[in-house]
Amino acid sequence: MNFTAIDFETANFQKHSACSVALTIVRDSRIVDNYYTLLKPDTFFNQKNIQIHGIHERDVVDAPTFAQIWPEIQPLFTQNQLIVAHNLPFDRGVLHGCLDYYGIERPSYQTLCTVQSSRKLLYELPNHKLNTVCDALDIRLDNHHNALADSVACANILLYLEEHFGTDPLKKLVKYV
Numbered sequence: 001m002n003f004t005a006i007d008f009e010t011a012n013f014q015k016h017s018a019c020s021v022a023l024t025i026v027r028d029s030r031i032v033d034n035y036y037t038l039l040k041p042d043t044f045f046n047q048k049n050i051q052i053h054g055i056h057e058r059d060v061v062d063a064p065t066f067a068q069i070w071p072e073i074q075p076l077f078t079q080n081q082l083i084v085a086h087n088l089p090f091d092r093g094v095l096h097g098c099l100d101y102y103g104i105e106r107p108s109y110q111t112l113c114t115v116q117s118s119r120k121l122l123y124e125l126p127n128h129k130l131n132t133v134c135d136a137l138d139i140r141l142d143n144h145h146n147a148l149a150d151s152v153a154c155a156n157i158l159l160y161l162e163e164h165f166g167t168d169p170l171k172k173l174v175k176y177v
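Under the numbering used here, the first residue of the sequence shown carries the number 1, and numbering increases by one thereafter.
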């Protein structure tokens, strides 16, 4: 499989408040590259979000904005590219929120949610949170809510599902944006 796993952390409840993003690139069912950066959102930091991911305003003072890094990551978002996230509605919402906020045209791409695929194929789990699925599959997740750690874990979940269930049940869950 070829895909890119994405994960965002946000400063607050606003969809355009991304304060970090990570991408894990998979080619021929192997992780081949990672991208991670802090982002400087044009909004406030909520204490609840800080408690979740540990990123403070002081950490992003010199970070680029989403608009500044978009040209670097945009080539991964094409019609033929599969973008994967654990809880895809959240990460897709943040991506679209950032694109809309900065007046950047939304690209078309394919999506797959590893929460949804885990629910379908690993239905026996008590829940399908990232840490629960990782624990059940013996996938390393050292720093949950660090965007890079989460995107790598998401990629490894999909690779596990591919290895154990094949691509056919996964293809049925792919959607186009």
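Every residue, glycine too, gets a C-beta built ideally from N, C-alpha and C.
The model shown is predicted, which means the values in this text are computed figures rather than measured ones.
Cβ-Cβ separation, residue j to residue i (assumed contact under 8 Å), whole Å
| i | j | result |
| --- | --- | --- |
| A63 | C154 | The pair is not a contact, with the Cβ atoms about 22 Å apart (cut-off 8 Å). |
| Q116 | L173 | 6 Å |
| F77 | Y109 | 5 Å |
| N12 | N49 | 6 Å |
| K151 | D7 | One detail in the question is off: residue 151 reads as Ser in this sequence, not Lys. With a Cβ gap of about 4 Å, S151 and D7 count as contacting. |
| L125 | Y160 | About 13 Å separates the two Cβ atoms, so there is no contact after all. |
| A147 | L141 | A147 to L141, Cβ: 12 Å. No contact. |
8 Å Cβ cutoff met for residue i and residue j
| i | j | result |
| --- | --- | --- |
| L121 | F165 | yes |
| I73 | L23 | yes |
| N46 | V26 | no |
| T43 | I69 | no |
Range covered by the alpha helix (DSSP H) that runs through residue i
| i | result |
| --- | --- |
| E163 | A147 to F165 |
Endpoints, the beta strand (DSSP E) within which residue i is located
| i | result |
| --- | --- |
| T37 | R30 to L38 |
Residues that residue i bridges to, as DSSP identifies them
| i | result |
| --- | --- |
| K175 | T111 |
| S20 | E9 and L38 |
Hey, is the region 45-57 in contact with the region 3-23, meaning 3+ C-beta pairs nearer than 8 Å?
yes
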